[in-house]
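Undergrad: There's a structure below that I have some questions on.
Residue numbers (the numbering used here), protein chains in the order written: chain A, 1 to 598; chain B, 1 to 303.
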């Protein structure tokens, strides 16, 4: 097999997530690409937990649809994940015999799996290691056998994991692993799951998640200040920075609340430093006033928002793309701030750097709209070369300009040099209140209009940022697809499937979501007669935002689903086919009208 | 460039060096004029050039104050001056950072930030111009209005006890707590200077009367007759328990002077961060280092 999706579910403490992490480490060492997503119940400890690992000989674009292999320690736990772990009759189902389920009593109605394999997991663990906690090591042994993975890499991982727990625990787990391996050899499955050899040359790869690469990207961009507050699923950004930023002469502040976190970051930016904050939906609501202040004072600031299910507390551990409107519109007054969205784990790194670049160049807050999926899933990626990055720093006043410094000077580009405390002659008043060119408070309508113009005109070059868009597929096709964030990887796979079927289409993946890059969209839409936007929100927020700014193709459709409802390539493929047939029918009808005008 | 010493040195400065060309929007007779003049004097005495000073405020009449100085000013949003000021201080520890605002800004909408600034203990000076009323919105009760205050937002009289800013900051462990009045310009200027020199979070409550919506018995001239100087009362500012006792009379007695000054200032937030950064640097350079600063260590000389 070239591409394999394994799903596992059990109770907290069964070590399901840990088994997934061991597996992704082992397949990375063998030269495969992979993606590991985790899902938990709402409990702090215990409760159900699951993970899905997709292994491939080529870079993995998304977590995939239905499972090829399901490992079920507990049926109730497994079923609680519903459509997150979809099974079909082709899914190889491996379950603990202790659950008492057999072929006739499967708790999934109407499912007749071709391969159903009961294994006495708990008994084997107790026999080998003396404790049932070693079940996950038995599972690793089984999968090593059935998938044809090298036991050495998995055993090395086990040794590393249990090194601190003492010899007894380690040896118990090694025996449990061996039992699983032997069982797999002695009980071949009814379906061959052995992975094909990796096609890409074996080289050093990295396993990382989006939050980690966001932190690393910030450091690469020259960030030296982070202010934030713990919130799921963004907390890890602060944790990674807490571990690393000090080494780079920076400071991390865990503030008393979200407002103070972003406030301190804005203060640091005023003081001349590159600064960042990170949060999720409820925190974004609280940070809004500071983002507005950053806009009016024209201070650079990066605000990462890792989207989760909303509104309000919503679903903290689930993914959704429903904060786009909040990112774009939540400030009062006539403000625009750039909104960027990474599309993969690796992409998060470069786009975090780009967020700093835009913030510095345009002296503005920038929102990096990540999502729970990208932020927390682990991917095997090729190492990133930071030397290829382009870094932008804010425009500072020259010595001549400091002789008669005018902080908010009206310039054709809208950008005026920015000083900071400590710079002699650069003294000015930054204020939330409307101001004139020198920073003095004003309530003059004419000046307000000019300042609004200054704060908007500076973003005009973003209309042409073609480099912040990925285009795939046939440029002449009349059928267009748009997808953003973590959904982009699903759309990309769907595109490849339909093109393999002989259906031409063109996919656009915007990484710059706002301001809408009018020129890029106009170019993309020009040859299209129909287009569909895929996203994970109930309203289809990007679809509506695009309609607000550009002329859309005649047939412009939205396919949007609320968060926590997994989207799959198969799902998108059927939508694209449908759109294509509808489009074809319409074309036929138009032609018929032309031929028979009455 | 920035002078290395945080609070002293530099060339001789005059109060007028800190005065900006902007004309205050305050009403004639407002107490805030006195605060501004006292501040000019204090800054002249300190002697740091204006470009090495960051002056942060929130929203309200008094929060306009940074614009009337030649320092780098940041007139922010309502109640959020302290977090922004702490970010500035953390990012550039060598700056002199001042924070100012009204009682509503500091103890109502921004009240949640005060305890955290105190326990973090950054080296900054927070001046509250406490007038017991919302003046900019034309006369509503504020968090320090006495119970029973009749105002536009409480036509039957306020039904809430006032916040006691002195007791509040002392209770959370502020190392420097003082109260002044604009009528006693010399005392207020000296107090602000002392607060700036204190190595840590310094809180100065100024009973700064609102001439338009304040109580007639709490105007500048009346205050001068009511004032009781703590120094003259024989108060020892290193006695925290006595300071707490005296602070309980807020609203009845008008004490002025330093209520409390910690004789052994604990390490500031900045000191601890500097110690941590020095340690990291030394580690990277492969040098043996002294142990990390602990809360019980004597105050080092970094700020």
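Think of the CB as a built atom: it goes at the ideal place given N, C-alpha and C, for glycine as much as any other residue.
(1) Taking all protein chains shown into account, decide if residue 306(A) is buried (16 or more other Cβ within 10 angstroms of its Cβ) or exposed.
(2) Determine the chain B residues that contact residue 293(A) at a beta-carbon separation under 7 Å, and present them in chain order.
(3) Taking DSSP's pairing of strands, which residues face residue 101(A) in a bridge?
(4) Quick check on DSSP: helix, strand or coil for residue 38(A)?
(5) Under 9 Å between the Cβ atoms of residue 429(A) and residue 439(A)?
(6) Express the C-alpha separation of residue 238(A) and residue 139(B) in angstroms, rounding to a whole number.
(7) I need the DSSP call for residue 70(A), collapsed to helix, strand or coil.
(8) Just confirm the distance between the C-beta atoms of residue 71(A) and residue 34(A), as a whole number of angstroms; I'd bet it's less than 8 Å.
(9) Please state if the CB of residue 226(B) and the CB of residue 254(B) are separated by a distance shorter than 9 Å.
(10) Could you pull out every residue in the same chain whose Cβ sits closer than 7 Å to the Cβ of residue 351(A), ignoring the five residues on either side in sequence?
(11) For residue 2(B), which residues of its own chain have a beta-carbon under 8 Å away from its beta-carbon, when the five flanking residues on both sides are left out?
(12) Alpha carbon to alpha carbon, how far is residue 83(A) from residue 433(A)? Give it in angstroms, no decimals.
(13) With distances taken between CB atoms, is the gap from residue 555(A) to residue 579(A) smaller than 9 Å?
(14) Would residue 456(A) and residue 336(A) qualify as a contact pair, given that the criterion is a beta-carbon distance under 9 Å?
(15) For the beta strand (DSSP E) containing residue 602(A), list its first residue and its last residue.
(16) Residue range of the beta strand (DSSP E) that residue 365(A) falls in?
(17) Suppose the cutoff is 8 Å on Cβ atoms and the five residues either side in sequence are ignored; what does the same chain contact list for residue 465(A) look like?
(18) In the DSSP assignment, the alpha helix (DSSP H) including residue 76(A) goes from what residue to what residue?
(19) With DSSP as the reference, label residue 408(A) as helix, strand or coil.
(20) For residue 565(A) and residue 535(A), what's the separation of their Cα atoms in angstroms?
(21) Closer than 8 Å, Cβ to Cβ, to anything on chain A: give me those residues from the region 90-109 of chain B, in chain order.
(22) Return the residue from the list 230(A), 354(A) and 295(A) that minimises the CA-CA distance to residue 328(A).
(23) Say whether chain A places a C-beta atom closer than 9 Å to the C-beta of residue 39(B).
(24) Do the CB positions of residue 186(A) and residue 129(A) come within less than 9 Å of each other?
(25) Considering only C-alpha positions, which residue in the set 25(B), 42(B) and 17(B) is nearest to residue 185(B)?
(26) Consult DSSP for residue 14(B) and reduce its assignment to one of helix, strand or coil.
(27) Nearest to residue 604(A) by CA position, among 208(A), 406(A), 485(A) and 348(A), is which residue?
(28) Could you give the DSSP three-state label for residue 441(A): helix, strand or coil?
(29) Using a Cβ distance threshold of 8 Å, determine whether the region 367-384 of chain A contacts the region 481-498 of chain A, with at least three qualifying pairs required.
(30) Listed in chain order, which residues of the region 57-75 of chain B have Cβ atoms closer than 7 Å to some Cβ of chain A?
(31) Per DSSP, residue 254(A) is paired with what?
(32) On the DSSP bridge list, what partners appear for residue 483(A)?
(33) Taking all protein chains shown into account, decide if residue 194(A) is buried (16 or more other Cβ within 10 angstroms of its Cβ) or exposed.
(34) DSSP state of residue 520(A), grouped into three classes?
(35) With DSSP run on the structure shown, which of helix, strand or coil describes residue 555(A)?
(36) Could you please tell me which residues of the region 387-408 of chain A, in chain order, have their CB closer than 7 Å to any CB of chain B?
TA: From the atom records:
(1) Translated into positions along the first chain, residue 306(A) becomes position 306. Counting Cβ neighbours within 10 Å, residue 306(A) comes out buried, since at least 16 surround it.
(2) Taking the first residue of the first chain as 1, we reach residue 293(A) at position 293. Per Cβ cutoff of 7 Å: 76 and 77.
(3) Numbered from its first residue, the first chain carries residue 101(A) at position 101. BP columns for residue 101(A) are empty, so no partner.
(4) Looking up residue 38(A) in the first chain gives position 38. Strand at residue 38(A).
(5) Working through the first chain from its first residue, we reach residue 429(A) at position 429. Working through the first chain from its first residue, we reach residue 439(A) at position 439. Contact: yes.
(6) Walking along the second chain from the start, residue 139(B) turns up at place 139. Walking along the first chain from the start, residue 238(A) turns up at place 238. Roughly 43 Å separates the two Cα atoms.
(7) Counted from its first residue, the first chain places residue 70(A) at position 70. Note: residue 70(A) maps to strand in three-state DSSP.
(8) Taking the first chain and counting its residues from 1, the one referred to as residue 71(A) is at position 71. Taking the first chain and counting its residues from 1, the one referred to as residue 34(A) is at position 34. That belief does not hold up - the Cβ atoms of residue 71(A) and residue 34(A) are roughly 16 Å apart, past 8 Å.
(9) Stepping through the second chain from its first residue, residue 254(B) is reached at position 254. Stepping through the second chain from its first residue, residue 226(B) is reached at position 226. Yes.
(10) The sequence position of residue 351(A) within the first chain is 351, counting from 1. Cβ within range, chain order: 340, 342, 368 and 511.
(11) The count along the second chain starts at 1 and reaches residue 2(B) at position 2. Low confidence applies here, because residue 2(B) scores a pLDDT of 46, under 50, leaving its location unreliable; read the following figure in that light. So the list reads 52, 94 and 95, once near-sequence residues are dropped.
(12) Position 433 of the first chain, counted from the start, is the residue given in the question as residue 433(A). Position 83 of the first chain, counted from the start, is the residue given in the question as residue 83(A). The straight-line gap from Cα to Cα measures roughly 50 Å.
(13) Walking along the first chain from the start, residue 555(A) turns up at place 555. Walking along the first chain from the start, residue 579(A) turns up at place 579. Going by C-beta atoms, residue 555(A) is nearer than 9 Å to residue 579(A).
(14) As a first step, residue 456(A) must be located in the first chain, where it is residue number 456. As a first step, residue 336(A) must be located in the first chain, where it is residue number 336. Yes.
(15) The shown model of chain A, from 1 to 598, leaves out residue 602(A), and the question about it has no answer.
(16) Position 365 of the first chain holds residue 365(A). Residues 365-371.
(17) The sequence position of residue 465(A) within the first chain is 465, counting from 1. Taken in chain order, the residues that qualify are 512, 517 and 520.
(18) Along the first chain, read from residue 1 onward, the residue named residue 76(A) stands at position 76. Per DSSP, residue 76(A) belongs to the alpha helix (DSSP H) from 75-80.
(19) Taking the first chain and counting its residues from 1, the one referred to as residue 408(A) is at position 408. Three-state result, residue 408(A): coil.
(20) On the first chain, residue 565(A) is found 565 positions in, with the first residue counted as 1. On the first chain, residue 535(A) is found 535 positions in, with the first residue counted as 1. One C-alpha to the other measures close to 11 Å.
(21) 90, 91, 92, 94 and 95
(22) Looking up residue 328(A) in the first chain gives position 328. Comparing Cα-Cα distances from residue 328(A) to each of 230(A), 354(A) and 295(A), the minimum goes to 295(A).
(23) In the second chain, counting from the first residue as 1, residue 39(B) sits at position 39. No, because no Cβ of chain A sits closer than 9 Å to the Cβ of residue 39(B).
(24) Translated into the one-based positions of the first chain, residue 186(A) becomes position 186. Translated into the one-based positions of the first chain, residue 129(A) becomes position 129. Not closer than 9 Å, so no.
(25) Against the second chain, residue 185(B) aligns to sequence position 185. The option with the nearest alpha carbon to residue 185(B) is 42(B).
(26) Position 14 of the second chain, counting from 1, holds the residue named residue 14(B). Three-state DSSP puts residue 14(B) in coil, outside helix and strand.
(27) Shown here, chain A extends from 1 to 598; a query on residue 604(A) therefore has no answer.
(28) On the first chain, residue 441(A) is found 441 positions in, with the first residue counted as 1. Correct three-state label for residue 441(A): strand.
(29) yes
(30) 66, 67, 70, 71, 72, 73, 74 and 75
(31) Counting from one through the first chain, the residue named residue 254(A) turns up at place 254. Paired residue(s): 228(A).
(32) Indexing the first chain from 1 puts residue 483(A) at position 483. Residue 483(A) pairs with 534(A).
(33) Here residue 194(A) refers to the residue found at position 194 when the first chain is read from its first residue. The residue is exposed, with fewer than 16 neighbouring Cβ atoms inside 10 Å.
(34) Your numbering for residue 520(A) matches position 520 in the first chain. Here residue 520(A) sits in helix by DSSP.
(35) Here residue 555(A) refers to the residue found at position 555 of the first chain. It is a strand residue.
(36) none
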